[in-house]
Amino acid sequence: RLLPRRYIIFDEKHQMAQIHTLTKPLIDQASTEFNALIRKVESTDSTVRSLQQRLGFCVERTFQALRSRLCISTEHGIRDIPAGVCTLTQDEALQNARDYYQFQEALLSRQVRYLTQSLREVFDVMSYVYEGRPFFFSKTNGFCIFHITPPKLCYGQCQTILFDATAEVDADYRCLDHVRFLHGRPERVRCTVTYEIYDHPDLNVSKSAMDKSWKLPAFGTFIGEILRETDGKVFLCTYKSLAEPLADYLKTHLSSEEFSRITLMPDRERPTIPYLGGTNGSNVFNRCTNVIMLGYPRLDPQTYLTFTCAAFGEEQVSSELQGLSPQDLLNGSHYNLLSLPSVNDYVTHHLAARLEQEIYRSALRNPDFGGDIRIYLFCPPPAVLSILQKCIPGTTVLYNKLPKCVELSKRMCRSFENGQTSFRKLMDFLSAWDGTPIRVVDLRDRLGISPAVWKDLIADSRIKEWFQDHCVLRSGRGSNTTLYIAQTQCA
16 RLLPRRYIIF DEKHQMAQIH TLTKPLIDQA STEFNALIRK VESTDSTVRS
66 LQQRLGFCVE RTFQALRSRL CISTEHGIRD IPAGVCTLTQ DEALQNARDY
116 YQFQEALLSR QVRYLTQSLR EVFDVMSYVY EGRPFFFSKT NGFCIFHITP
166 PKLCYGQCQT ILFDATAEVD ADYRCLDHVR FLHGRPERVR CTVTYEIYDH
216 PDLNVSKSAM DKSWKLPAFG TFIGEILRET DGKVFLCTYK SLAEPLADYL
266 KTHLSSEEFS RITLMPDRER PTIPYLGGTN GSNVFNRCTN VIMLGYPRLD
316 PQTYLTFTCA AFGEEQVSSE LQGLSPQDLL NGSHYNLLSL PSVNDYVTHH
366 LAARLEQEIY RSALRNPDFG GDIRIYLFCP PPAVLSILQK CIPGTTVLYN
416 KLPKCVELSK RMCRSFENGQ TSFRKLMDFL SAWDGTPIRV VDLRDRLGIS
466 PAVWKDLIAD SRIKEWFQDH CVLRSGRGSN TTLYIAQTQC A
């Protein structure tokens, strides 16, 4: 039982540690905001020019000097150091520190009306840097300097209560002192959960993988197959950039009855598939018994680095960085911050927590639901899946082979000399064909396929399977060979 005392209550939106960042766009924004002061506070252009010059001299010059020296020489030339811990050199500090503190003091005390929000953020980081303390930097998404302020959760004698449904999964609370998790979930009716895991590499649904031209039609076709093999409403979730194009494709290629089973985003002018980050807190999808996750809510490496420092402490990440050379963080032409164990750990738990939240948009969120839930995941990271299965227990069905419809769609999207392949031409014809008899020589001429290529096509196992599945038969010999669909011929 809680003791009679005062409490401070936060929900999951409460920001834990404060992450202070300094980037070139932020410096530019602070400079631009000075211009607006000419009219806002009736300043003069001369004053604004002076402020911008001092900002450039005390802040940007030091920022760019750091940016320039944080590089290494490799056998492939000069390469950026992806991330690390740095301090100002004595020369850098001595050259600019006095001017910087005079500039800061003037704006904090005498010229407060010129102290814009962007400039406050600049001062948050630069004051820390000029104190000569170690600070983190990253070049994975443009040069960024940052430092972390520990979270403030204790207010006098009050006890803090924080509500966060994914607190036990997320890594953000793990290293906090004097924290007690209230374990257990509300009572609910027992339901059956089945994970349908598709692990073929071609079914990778990362954001970059989904940019391939064949992915949207291939997954659109596969989703159609899933709909025909299941019952109930569908919560299909993907990236925001695909939300409208995927809805358009499915509306065109599915029957109206099939398409109506997919619960769309409400109050949209165009049909829109639910997208990652757009469904938080929504109850619109709580009748869905099928969950199809067509994407993963990953953040950029720089954000993961800063969040890891905030969660585990800068000291832990710093010690891991000291055990690696800058070359260890380079993976070809890309940075590999996941080589840091703490970052890898944070990413794993972050993805698991976000997936758990999305899955709970479905009928699982109803305590009285006792039916069957099917969850479709594509190439999930094993560690993420393991955490997810502990949060939402169920049976797992693993598929290693590429579904035939996906393989066919991928091949049909290939081009030859900026035109359609012979395979695509034939499949387009067969898809629209009503089965009436047609001579092979006429079909080859119509599609522009040579006899040699035709011979290879007919021997292709996928064409053979299509013929078998659709009852395509052949009659006659040589130039009189004719194709037809059995049911049509009988009619």
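If you count by the numbering used here, then the sequence shown holds residues 16 to 506, one letter each, in order.
Just so it is clear, CB atoms sit at the ideal spot from N, CA and C, and this is done for glycine as well.
These figures come from a predicted structure and were not determined experimentally.
Contacting residues, own chain, Cβ-Cβ under 6 angstroms from residue i (five flanking each side not counted)
i       : result
Thr-164 : Gln-33
Glu-353 : According to the sequence shown, residue 353 is Leu rather than Glu. Taken in chain order, the residues that qualify are Asn-359.
Met-141 : Val-74
Arg-454 : Thr-497
Phe-327 : Cys-190 and Ser-357
Gln-44  : Ser-133
Leu-130 : Leu-122
Val-306 : Phe-250, Ile-374, Ser-377 and Ile-390
Tyr-508 : For the chain, the structure presents residues 16 to 506; residue 508 sits outside this window and is missing.
Same chain, Cβ closer than 8 angstroms to residue i, five either side skipped, listed in chain order
i       : result
Asp-114 : Arg-69, Phe-72 and Cys-73
Thr-209 : Asp-387, Ile-388, Arg-389, Ile-390, Gly-409, Thr-410, Thr-411 and Val-412
Phe-322 : Ile-34, Asp-187, Leu-314, Tyr-361 and His-365
Phe-384 : Arg-203, Val-204, Cys-206 and Ala-378
Ile-402 : Val-184, Thr-363, His-364 and Ala-367
Any non-hydrogen atom of the ligand GDP within 7 angstroms of residue i CB
i       : result
Phe-250 : The model depicted lacks the ligand GDP and carries no ligand whatsoever.
Residues bridged to residue i [DSSP beta-bridge criterion]
i       : result
His-162 : His-35
Asp-179 : According to DSSP, which records beta bridges pairwise, Asp-179 is partnered with nothing at all.
Cys-303 : Lys-248
Met-308 : Cys-252
Tyr-511 : With the chain covering only 16 through 506, there is no way to say anything about residue 511.
Ile-212 : Leu-392 and Leu-413
Gly-328 : Bridge partners of Gly-328: none, in fact.
Ser-153 : Ala-98 and Cys-159
Thr-318 : DSSP output for Thr-318 lists no bridge partner at all.
Thr-207 : Asp-387
Cβ-based neighbour list, residue i, same chain, cut-off 7 angstroms, excluding 5 preceding and 5 following
i       : result
Asp-60  : Ile-53
Phe-138 : Gln-119
Arg-203 : Pro-382
Thr-181 : Ala-368, Glu-371 and Gln-372
Tyr-319 : Leu-352, Val-358, Tyr-361 and Val-362
8 angstroms contact criterion, which residue i and residue j should meet: CB distance rounded
i       : j       : result
Gly-310 : Val-220 : 5 angstroms
Glu-48  : Ser-153 : Contact flag wrong, Cβ pair sits at about 25 angstroms.
Val-184 : Ala-368 : 4 angstroms
Cys-406 : Glu-373 : In fact, because the Cβ distance is near 12 angstroms, the residues do not count as touching under 8 angstroms.
Asp-258 : Tyr-290 : A small fix is needed here, since residue 258 is Ala in this sequence, not Asp. So it is a contact: roughly 4 angstroms between Cβ atoms.
Val-468 : Ser-437 : 5 angstroms
Pro-149 : Thr-102 : 5 angstroms
Leu-41  : Glu-136 : 6 angstroms
Gly-296 : Lys-255 : Not a contact, Cβ separation roughly 17 angstroms.
Thr-508 : Gln-337 : With the chain represented from 16 up to 506, any question about residue 508 goes unanswered, as that position is not in the structure.
Pairwise C-alpha distance: residue j and residue i
i       : j       : result
Arg-285 : Ala-262 : 9 angstroms
Asp-246 : Gly-491 : 44 angstroms
Leu-344 : Asn-156 : 14 angstroms
Leu-218 : Leu-417 : 8 angstroms
Gly-99  : Leu-355 : 11 angstroms
Phe-393 : Met-308 : 7 angstroms
Asp-106 : Val-144 : 14 angstroms
Gly-507 : Ser-270 : Here the chain comprises residues numbered 16 to 506, so residue 507 is not present and cannot be evaluated.
Ile-9   : Ser-424 : Because the chain is modelled from 16 through 506, residue 9 falls outside the range shown and cannot be assessed.
Arg-276 : Lys-248 : 5 angstroms
Ser-124 : Ser-58  : 17 angstroms
Leu-507 : Thr-304 : With the chain represented from 16 up to 506, any question about residue 507 goes unanswered, as that position is not in the structure.
Lys-266 : Ser-334 : 53 angstroms
Ser-65  : Gln-117 : 13 angstroms
Asn-351 : Arg-94  : 14 angstroms
Gly-463 : Leu-251 : 40 angstroms
Met-280 : Glu-272 : 18 angstroms
Trp-481 : Gly-235 : 19 angstroms
Ile-500 : Pro-452 : 8 angstroms
Cys-159 : Leu-37  : 6 angstroms
Pro-216 : Pro-397 : 14 angstroms
Asp-449 : Val-299 : 41 angstroms
Met-427 : Lys-227 : 13 angstroms
Lys-419 : Gln-483 : 14 angstroms
Asn-471 : Glu-211 : Here residue 471 is Asp; the residue named in the question, Asn, does not match the sequence. Approximately 35 angstroms between the Cα atoms of the pair.
Residue-level contact to chain D via CB, residue i, 8 angstroms cutoff
i       : result
Leu-279 : Checking the listed chains, one finds no chain D in this structure; it contains a single protein chain.
Practice prompt. Could I get the ranges of all uninterrupted beta strand (DSSP E) runs contained in the stretch 428 to 500, with 3 residues as the minimum, in chain order?
Written response: 487 to 490 and 497 to 500
Report task. Tell me the start and end of each unbroken alpha helix (DSSP H) in the stretch 376 to 420 that is at least 4 residues and wholly inside, in chain order. Result -> 397 to 406
- What are the start and end residues of each continuous beta strand (DSSP E) run of 3 or more residues lying completely inside the stretch 37 to 108, in chain order? 86 to 89, 92 to 95 and 98 to 101
- Query: Which ranges would you report for the alpha helix (DSSP H) in the stretch 229 to 295 if only whole runs of at least 4 residues count?
  - Reply: 230 to 244, 255 to 268 and 271 to 275
message = So within the stretch 111 to 149, which uninterrupted alpha helix (DSSP H) runs reach at least 4 residues, ignoring any that extend past its ends?
response = 132 to 145
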